[in-house]
Each structure stands twice: as structure tokens, then as C-alpha cells.
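Student: To start, I am sharing the structure in question, which I have written as C-alpha cells.
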Amino acid sequence: MEIQGKTVFPFIWKGGSPMLTAYKHDENHRLCSVAFEEMEKGSWINCAAPDAAELEKLNELTGIPVDSLQTALDREERSHVELEDDFIFVVVNTPVVLETDAYDALPLGIFITDKVFVTVCLENNTVIQKFINNNYPSFQTYKKTRFLFQILSTASSSFLYFLQQIYKKTDGIETQVRKSLQNKELFRMLELQKSLTYFNFALHANENVMERLMRLRNSPIHTLLKMYEEDEDLLEDVIIENKQALEMVEIYTNILMSMMDSFSSIISNRLSQIMKFLTSVTILLAVPTLIFSLWGINVPVPWESSEIGFAAVTLLGLVLTLVSALVLWKKDML
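Numbered per the UniProt record's numbering, the sequence shown spans residues 1 to 334.
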């Protein structure tokens, strides 16, 4: 792996599977991997999809209780802030792309101790991966409070990015519907609507976390969360960005609901057109049937003895059918 122009190989626990890795910025501000035995104050440990053995290892390295680590791995865990004696525990929601091409929110656990910064997630997290891949070059592992706010900022930016993708997909669905309305378009719209619902819940939960962190600024309650002026400015920017994402969710949700209502009207209108057409066809088929039925009864009828009787009855049925078709056409029934 190359980080800031330097090739590094993250220290890996669990024989070749990069589930538990440690990093630290060196004196040249380059992100480098470190062995757990060589970790210093200001290091960062990232843990993705850990098993029981890795959680025990992480507990030995950091002193964070296994129960707290397992809480961060609960997919249904809500965003919140916990202030413990030896560490701060923050859970934030981050966006993920599902196999169905829909979107969901995944909790990311962040632990701040006196020595290290720890991130724990149920699976590889794209937000954390941006820091590992140096897509956020200004962060420093030892600036733990700012690192926390930068993660929140990246999460908000990711939500905004995926919201833009949802908007593009909505436009694509609308284009397809103009050509041909099929069930798959409706199912895609339902998936996007569910995604927006998940995003709305996640962003509101993150907003509560940000407001709680803002209330803790310059508070003597916990010495592990120290904020400088730059940190406060960053947190304010993140709160604004999160509010923008919430506004976009509301707008796109209204757009999708309007589209769903419009498509329901389109479907009803098309069904009415089909039923009207089938009714007209039934009427047109009934006209010659009635004519031939009248001439088929066992009573005296015109042309029953004539050589052209069959042709005359057929012509009469055809003429009446054409007249009926003309009347229905003028009434916009065909």
C-alpha cells in the first residue's frame, strides 16, 4: 500500500486478513503502519469485521472493554456519545452501497483513549478507507479530536455524494418510464425511497451526535476531548454539511413521492384506456353477432329465400359494424 508517496505494509493480525491494523504519522507527516508492540501515543488502530480473538487482542492493546467493542459491531446501533472514565465512545452512521444497488447506513464505532484512536466497524468502511488511501491528507492520527471531526465530515460528504447518485438514478428511471413503464422501474423507485428513509434516520442521528459534541466544547467533563478554535470551526462546518444532506434527503424524498403519485396516475390512466378499448371491441363484435343471430332464428326474415341473402346479411353486418366503429371513434372510444 502506498500512503503519501511511501509504500507501507499494514501490520496485520489474523494471518493475512487485514482486519486489525495500526497506523501512525511519522515526523514527516506521512501515514505509516506500525506493529502493535511498537505503538506509541497518538497511534490509530482500525478494526474491520473482527472475530472474538481480534476483539480480545484489541482489548489487551487498548483496555477498552469487549462489551463496548461489540456494541460498535451492532448493525442496529444508533449514533450516540458515551463518556467513560478511560475513553470516549462515539457511534456515527456512514453510508454503504448494498448488492441490490440500493443504499443503507452502517454504524462506525470510534474510541478515543489517552493513548490511541480506535475505529471499529462491522465491515470495511469506505469512510475509513479514504483516510487510509490518503484522500484526506490533512489529518493526523495524534490530533484525536480533529480526527474525529474529520471522520464526521467525510461521512457527511459521503452521504451528499450518494444522494447525488440517487438523484441521477431517479432521473434515469424517469427517462425509462417515459418510454415504457414496467414493474422493474417501480421496484427501483421503492429501493431508492427506502435508501432515502435510511439516510434520513442516519443523518438525524448523526446530527444529535454533532450537537452533543458541540455542547462538550471547552467542557471540563472529559479531558480526552480537547477542542481548539480550528476544531470548533470544523465541527460547525460539519454540522452545516449534515444539515444540507438532510435538506437534500427531504427534497429527493418529496420528488420520489411525487413521481410515485404521477406514475400511479399514469398506470390508472393506461388501465382506463385499455378497458375503454376492450369495451369498444366488445361492442363491435356484438353488432355482427346480433345480426347473424337474428337471421338465424326460425322465423320469417328478409332475404331468406334469396340467392344473395347470405351476402346481403353479411354486408348489413359489416356496414353496421363500420358505422358503430365510426361512432365510437368520434367519441374517442377507439
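All C-beta atoms in this analysis are idealised placements derived from N, C-alpha and C, irrespective of residue type, glycine included.
#1: Report the residue from Pro95, Glu247 and Asp261 whose alpha carbon sits nearest the alpha carbon of Ile128.
#2: Would you list the one or two residues that DSSP bridges to residue 347?
#3: Along the chain, where does the alpha helix (DSSP H) that runs through Lys144 open and close?
#4: Using the rule of at least 16 other Cβ atoms within 10 Å of the residue's Cβ for burial, across every protein chain shown, is Trp329 buried or exposed?
#5: Assuming Leu285 contacts Val249 under a Cβ cut-off of 8 Å, what Cβ separation, rounded to an integer in Å, is found between them?
#6: Suppose you measure from the CA of Ile112 to the CA of Lys144; what does that come to, to the nearest Å?
#7: Can you find the residues in the same chain that come closer than 6 Å, C-beta to C-beta, to Phe106, ignoring five residues on each side of it along the sequence?
#8: Check this for me: beta carbons of Phe87 and Leu61, under 8 Å apart or not?
#9: Can you name the residues that DSSP bridges to Lys276?
#10: Between the Cα of Leu31 and the Cα atoms of Asn133, Glu84 and Asp104, which residue gives the shortest distance?
#11: Quick one: measure Cβ to Cβ for Leu69 and Leu55, integer angstroms, because I've assumed they're closer than 8 Å.
#12: Just the Cα atoms here: how many angstroms apart are Asn254 and Cys121?
#13: Roughly how many angstroms separate the alpha carbons of Glu307 and Val327, rounded to a whole number?
#14: Let me know if Thr7 comes out buried or exposed under the rule of 16 or more other beta-carbons within 10 Å of its beta-carbon.
#15: Let me know if residue 379 comes out buried or exposed under the rule of 16 or more other beta-carbons within 10 Å of its beta-carbon.
#16: Considering only DSSP beta bridges, list what residue 335 is partnered with.
#17: Between Leu213 and Val81, which are expected to be in contact by the criterion C-beta below 8 Å, what is the C-beta distance as a whole number of angstroms?
#18: Would Ser195 and Ile166 be called neighbours here (beta carbons separated by less than 8 Å)?
#19: Is Ile297 helix, strand or coil when you go by DSSP?
#20: Kindly indicate which residue of Glu38, Ser33 and Val118 has the alpha-carbon position closest to the one of Ala48.
#21: Does DSSP put Thr321 in a helix, a strand or coil?
#22: Quick one: what's Ser138 bridged to in DSSP?
#23: Taking Ala53 as the reference, which of Met19, Trp44, Glu76 and Glu38 has the closest Cα?
#24: From the DSSP output, which residues share a beta bridge with Ser33?
#25: Please report the Cβ distance between Val287 and Thr321, rounded to the nearest whole angstrom; I am assuming they are in contact, meaning their Cβ atoms lie under 8 Å.
#26: How should Ala22 be labelled, buried or exposed, when 16 other C-beta atoms within 10 angstroms of its C-beta is the threshold for buried?
#27: Report the rounded CA-to-CA distance for Lys179 versus Gln164, giving the unit in angstroms.
#28: When you compare only the Cα positions, how much space is there between Phe277 and Ala325?
#29: Quick check on the burial criterion: 16 or more other C-beta atoms within 10 angstroms. Buried or exposed for Asp231?
#30: If you draw a straight line from the C-alpha of Ala72 to the C-alpha of Asp237, how long is it?
#31: Per DSSP, which one or two residues make a beta bridge with residue 335?
#32: Going by DSSP, what residues sit across from Val80 in a beta bridge?
#33: Which whole-angstrom value describes the C-beta separation of Ser79 and Asn206, a residue pair presumed to lie in contact below a C-beta threshold of 8 Å?
#34: Compute the Euclidean distance between the alpha carbons of Phe263 and Leu160, then round it to the nearest angstrom.
#35: To the nearest whole angstrom, what separates the beta carbons of Glu191 and Thr100, a pair I think is in contact under 8 Å?
Tutor: This is what the structure gives:
#1: Start at 1 with the first residue of the sequence shown, and residue 128 comes out as number 128. Nearest C-alpha to Ile128: Pro95.
#2: In the structure as shown, the chain starts at 1 and stops at 334, and residue 347 therefore has no counterpart that could be examined.
#3: Numbered from 1 along the sequence shown, position 144 holds the residue referred to as residue 144. It spans Lys144 to Lys179 - the alpha helix (DSSP H) in which Lys144 sits, taken as one unbroken run.
#4: Within the sequence shown, numbered from 1, the residue matching residue 329 stands at position 329. Trp329 comes out exposed.
#5: Taking the sequence shown and counting its residues from 1, the one referred to as residue 285 is at position 285. Taking the sequence shown and counting its residues from 1, the one referred to as residue 249 is at position 249. In fact, because the Cβ distance is near 53 Å, the residues do not count as touching under 8 Å.
#6: As a working mapping, residue 112 is identified with position 112 in the sequence shown. As a working mapping, residue 144 is identified with position 144 in the sequence shown. Just so you know, the alpha carbons of Ile112 and Lys144 end up roughly 7 Å apart.
#7: What you label residue 106 is simply residue 106 of the sequence shown in a count that begins at 1. Looking at the sequence provided, one finds Leu at residue 106 rather than Phe. Cβ-Cβ distances below 6 Å link Leu106 to Thr94 and Val96 in the same chain, with the five nearest sequence neighbours on each side left out; the list follows chain order.
#8: In the sequence shown, counting from the first residue as 1, residue 87 sits at position 87. In the sequence shown, counting from the first residue as 1, residue 61 sits at position 61. The answer is no: Cβ separation not under 8 Å.
#9: As a first step, residue 276 is located in the sequence shown; it is residue number 276 there, counting from the start. DSSP output for Lys276 lists no bridge partner at all.
#10: By one-based count along the sequence shown, residue 31 stands at place 31. Comparing C-alpha distances from Leu31 to each of Asn133, Glu84 and Asp104 shows the shortest one belongs to Asn133.
#11: Here residue 69 corresponds to residue number 69 of the sequence shown, with the count starting at 1. Here residue 55 corresponds to residue number 55 of the sequence shown, with the count starting at 1. Going by Cβ atoms, the distance from Leu69 to Leu55 rounds to 5 Å, so yes, they are a contact pair.
#12: Within the sequence shown, residue 254 is the residue found at index 254, counting from 1. Within the sequence shown, residue 121 is the residue found at index 121, counting from 1. The straight-line gap from Cα to Cα measures roughly 32 Å.
#13: Counting from 1 along the sequence shown, the entry for residue 307 is found at position 307. Counting from 1 along the sequence shown, the entry for residue 327 is found at position 327. Taking the Cα positions, Glu307 is about 32 Å away from Val327.
#14: Working through the sequence shown from its first residue, we reach residue 7 at position 7. Confidence in Thr7 is poor, its pLDDT being 35 and thus under 50, which makes the residue's placement too unreliable to answer from.
#15: Nothing can be reported for residue 379: it is not among the residues displayed for the chain, which extend from 1 to 334.
#16: The requested residue 335 is not part of the displayed model; the chain covers only 1 to 334.
#17: For the purposes of this step, residue 213 is identified with residue 213 of the sequence shown, where counting begins at 1. For the purposes of this step, residue 81 is identified with residue 81 of the sequence shown, where counting begins at 1. About 7 Å separates the beta carbon of Leu213 from that of Val81, a gap short enough to meet the 8 Å contact definition.
#18: What you label residue 195 is simply residue 195 of the sequence shown in a count that begins at 1. What you label residue 166 is simply residue 166 of the sequence shown in a count that begins at 1. The beta carbons of Ser195 and Ile166 sit closer together than 8 Å.
#19: If you number the sequence shown from 1, residue 297 lands on position 297. Three-state DSSP puts Ile297 in coil, outside helix and strand.
#20: One-based indexing of the sequence shown puts residue 48 at position 48. Of the candidates Glu38, Ser33 and Val118, the one whose C-alpha sits nearest the C-alpha of Ala48 is Val118.
#21: The residue labelled residue 321 in the question sits at position 321 within the sequence shown. Helix, per DSSP.
#22: Reading the sequence shown from its first residue, position 138 is the one you call residue 138. Looking at the DSSP output, Ser138 shares a beta bridge with no other residue.
#23: Reading the sequence shown from its first residue, position 53 is the one you call residue 53. The residue among Met19, Trp44, Glu76 and Glu38 with its C-alpha nearest the C-alpha of Ala53 is Met19.
#24: Position 33 of the sequence shown holds residue 33. Residue pairing by DSSP places Ser33 opposite Tyr23 in a beta bridge.
#25: Stepping through the sequence shown from its first residue, residue 287 is reached at position 287. Stepping through the sequence shown from its first residue, residue 321 is reached at position 321. Taking C-beta atoms under 8 Å as the contact rule, Val287 and Thr321 qualify, at a distance of about 5 Å.
#26: By one-based count along the sequence shown, residue 22 stands at place 22. Ala22 should be labelled buried.
#27: To locate residue 179, count along the sequence shown from 1; it is residue 179. To locate residue 164, count along the sequence shown from 1; it is residue 164. In a straight line, the C-alpha of Lys179 is about 23 Å away from that of Gln164.
#28: Walking along the sequence shown from the start, residue 277 turns up at place 277. Walking along the sequence shown from the start, residue 325 turns up at place 325. Using only the alpha carbons, I get a separation of about 11 Å.
#29: Counted from its first residue, the sequence shown places residue 231 at position 231. Buried: at least 16 other Cβ atoms inside 10 Å.
#30: For the purposes of this step, residue 72 is taken as residue 72 along the sequence shown, with counting starting at 1. For the purposes of this step, residue 237 is taken as residue 237 along the sequence shown, with counting starting at 1. Answer to the nearest angstrom: the Cα atoms are 26 Å apart.
#31: Missing from the structure shown is residue 335; the chain here goes from 1 to 334 and no further.
#32: Translated into positions along the sequence shown, residue 80 becomes position 80. Note that residue 80 is His in the sequence shown, not Val. Beta-bridge pairing links His80 to Val91.
#33: Here residue 79 corresponds to residue number 79 of the sequence shown, with the count starting at 1. Here residue 206 corresponds to residue number 206 of the sequence shown, with the count starting at 1. Contact check for Ser79 and Asn206: beta-carbon distance about 5 Å, within the 8 Å limit, so the pair qualifies.
#34: Here residue 263 refers to the residue found at position 263 of the sequence shown. Here residue 160 refers to the residue found at position 160 of the sequence shown. Their backbone Cα atoms lie some 27 Å apart in a straight line.
#35: Taking the first residue of the sequence shown as position 1, residue 191 is located at position 191. Taking the first residue of the sequence shown as position 1, residue 100 is located at position 100. Contact between Glu191 and Thr100 holds: their C-beta atoms lie close to 6 Å from each other, under 8 Å.
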